[in-house]
Amino acid sequence: MKREPMLAGQIDLMVLAVVARKPSHGYDIIKALRVASGGHVDLAEGTLYPSLYRLEQAGYLASAAETVSGRSRRTYRLTPAGRAALRDRRRAWGDLVASVNAVIRGAAPDHG
Amino acid sequence: MDSPIANYLAELRQALRHDPLLARRVVEEAADHLQEIVAEERRNGMSQHEAEEAAVRRFGPAGPLAAQFGGFSLPLKIMVGLSSVMTIAVALWLFSVIALVLPSRDPSRIPFWSGIAIGFLVYSGLCLTYLIVGPRQAALRLVVLALSVAAILFGAYCVLQMVSAASSGRHFEGYLLLLGLIIAAHGIIALVYAAVSVAIARQIAAR
């Protein structure tokens, strides 16, 4: 079963969680997502950037550009609003998972 | 041999050409990310060309990626849009004054203020069009730049007239001061937007 569509809706939450650990740039965030998920979160890496941009527009992330090895690199950090959003989204995700688990564990076996 | 990364970045820049500020930012971030992947794949034993191809593949197609930024707008764009709407509101208010007040009070000023109101509408329409099409249309860009300078001069003239009237005890018309401030502010914002977007578009094209 393809995980990508299921994961796509949770990218913002996962990005906030990764950046909350330490300020990071895009490539580091993707690596952290892959490592933390045991390789299950393996998205097209470019899809991270609309999420980062969106979160910054919402005030959850702040970014600063610097020059590294002659290249411009943008590092993102969590803002206080982002920390609050992460807390709320974690709680909502926990509630959702608990609800879905309650349904699927309580469902009658499929006898075909 | 063509560089897959250079081709990819050109495609991404092209897909985001409607917003030069956003294009610059996204292309710079993508370039950094792609080079990090290349370094990683080179350590895994790939050639430079293979590593670049792998980087582009891992990053995902440029068109769908650019489309995901489509709904975003920049604060300056919002300011240009809002100031255009304000100027349209001023023009509509002027039309109501022309229709309801001037015929009985001072009919000789109707042609002048009609021209001003039409000019405001045209200027706002061009600014909104420029926001949508970006700096690609050279003729539109020149017209917006020229009209922005004219708007600033006209607005400043109105404001100075009213400041002078107030300080010398002559008849002071508050609406003229407000009109001058709105059109001058619109002109400054549109001028800055046009100048910045043109400068960045040139910078991107030169890379």
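As given, the protein sequences belong to chains D and Z, one line each in that order.
According to the working numbering, the residues represented by the first sequence are 1 to 112, in order.
According to the working numbering, the residues represented by the second sequence are 1001 to 1207, in order.
Cβ atoms here follow ideal geometry from the backbone N, Cα and C, with glycine treated the same way.
Quick caveat, the model's predicted, so the values are computed rather than measured.
Can the beta-carbon of residue i be found less than 7 Å from the beta-carbon of residue j?
i, j, result
"A1166 (chain Z)", "A1184 (chain Z)", "no"
"L1126 (chain Z)", "V1097 (chain Z)", "no"
"L1140 (chain Z)", "Y1130 (chain Z)", "yes"
"L61 (chain D)", "A20 (chain D)", "no"
"Y1193 (chain Z)", "V1090 (chain Z)", "no"
"A1023 (chain Z)", "L1016 (chain Z)", "yes"
"G1187 (chain Z)", "A1151 (chain Z)", "yes"
"Y49 (chain D)", "E1029 (chain Z)", "yes"
"A65 (chain D)", "R54 (chain D)", "no"
"V41 (chain D)", "A32 (chain D)", "no"
"L1102 (chain Z)", "I1110 (chain Z)", "yes"
Cα separation between residue i and residue j?
i, j, result
"E1036 (chain Z)", "Y27 (chain D)", "7 Å"
"S51 (chain D)", "F1095 (chain Z)", "45 Å"
"V949 (chain Z)", "G1180 (chain Z)", "A question about residue 949 (chain Z) goes unanswered here, because the residues of chain Z that appear run from 1001 up to 1207."
"I30 (chain D)", "A84 (chain D)", "22 Å"
"A81 (chain D)", "L16 (chain D)", "11 Å"
"W1113 (chain Z)", "S1104 (chain Z)", "15 Å"
"F1069 (chain Z)", "K1077 (chain Z)", "15 Å"
"L96 (chain D)", "A102 (chain D)", "10 Å"
"S969 (chain Z)", "V1085 (chain Z)", "Residue 969 (chain Z) is absent from the model: chain Z starts at 1001 and stops at 1207."
"P23 (chain D)", "S63 (chain D)", "9 Å"
"G39 (chain D)", "F1059 (chain Z)", "16 Å"
"E45 (chain D)", "P1061 (chain Z)", "10 Å"
"W93 (chain D)", "V1026 (chain Z)", "30 Å"
"Y1225 (chain Z)", "V1056 (chain Z)", "Nothing can be reported for residue 1225 (chain Z): it is not among the residues displayed for chain Z, which extend from 1001 to 1207."
"I1189 (chain Z)", "S1108 (chain Z)", "33 Å"
"G106 (chain D)", "Q10 (chain D)", "25 Å"
"E1040 (chain Z)", "L43 (chain D)", "17 Å"
"G70 (chain D)", "I104 (chain D)", "52 Å"
Helix, strand or coil: how does DSSP classify residue i here?
i, result
"L7 (chain D)", "helix"
"S1108 (chain Z)", "helix"
"S72 (chain D)", "strand"
"T67 (chain D)", "strand"
"S37 (chain D)", "coil"
"L61 (chain D)", "strand"
"P1017 (chain Z)", "According to the sequence shown, residue 1017 (chain Z) is Arg rather than Pro. Coil, per DSSP."
"R77 (chain D)", "strand"
"S1167 (chain Z)", "helix"
"S1114 (chain Z)", "helix"
"S24 (chain D)", "strand"
"M1162 (chain Z)", "helix"
"Q1035 (chain Z)", "helix"
"F1172 (chain Z)", "coil"
"D42 (chain D)", "coil"
"F1095 (chain Z)", "helix"
Hey, is residue i's beta-carbon within less than 7 Å of any beta-carbon in chain D?
i, result
"G1060 (chain Z)", "yes"
"L1076 (chain Z)", "no"
"H1171 (chain Z)", "no"
"D1032 (chain Z)", "yes"
"E1041 (chain Z)", "no"
"E1028 (chain Z)", "yes"
"Q1048 (chain Z)", "no"
"L1065 (chain Z)", "yes"
"F1154 (chain Z)", "no"
"E1036 (chain Z)", "yes"
Give a yes or no on whether the minimum CB-CB distance between residue i and chain Z is below 7 Å.
i, result
"Y60 (chain D)", "no"
"P50 (chain D)", "yes"
"E45 (chain D)", "yes"
"Y76 (chain D)", "no"
"S72 (chain D)", "yes"
"G39 (chain D)", "no"
"G94 (chain D)", "no"
"G26 (chain D)", "yes"
So residue i packs on residue j, CB below 8 Å; how close in whole Å?
i, j, result
"R89 (chain D)", "L7 (chain D)", "Contact flag wrong, Cβ pair sits at about 14 Å."
"E1052 (chain Z)", "I1116 (chain Z)", "Rounded, the Cβ-Cβ distance is 57 Å, inconsistent with contact."
"L1177 (chain Z)", "V1159 (chain Z)", "6 Å"
"S72 (chain D)", "D1032 (chain Z)", "7 Å"
"S1148 (chain Z)", "L1082 (chain Z)", "Contact flag wrong, Cβ pair sits at about 15 Å."
"T47 (chain D)", "L1065 (chain Z)", "7 Å"
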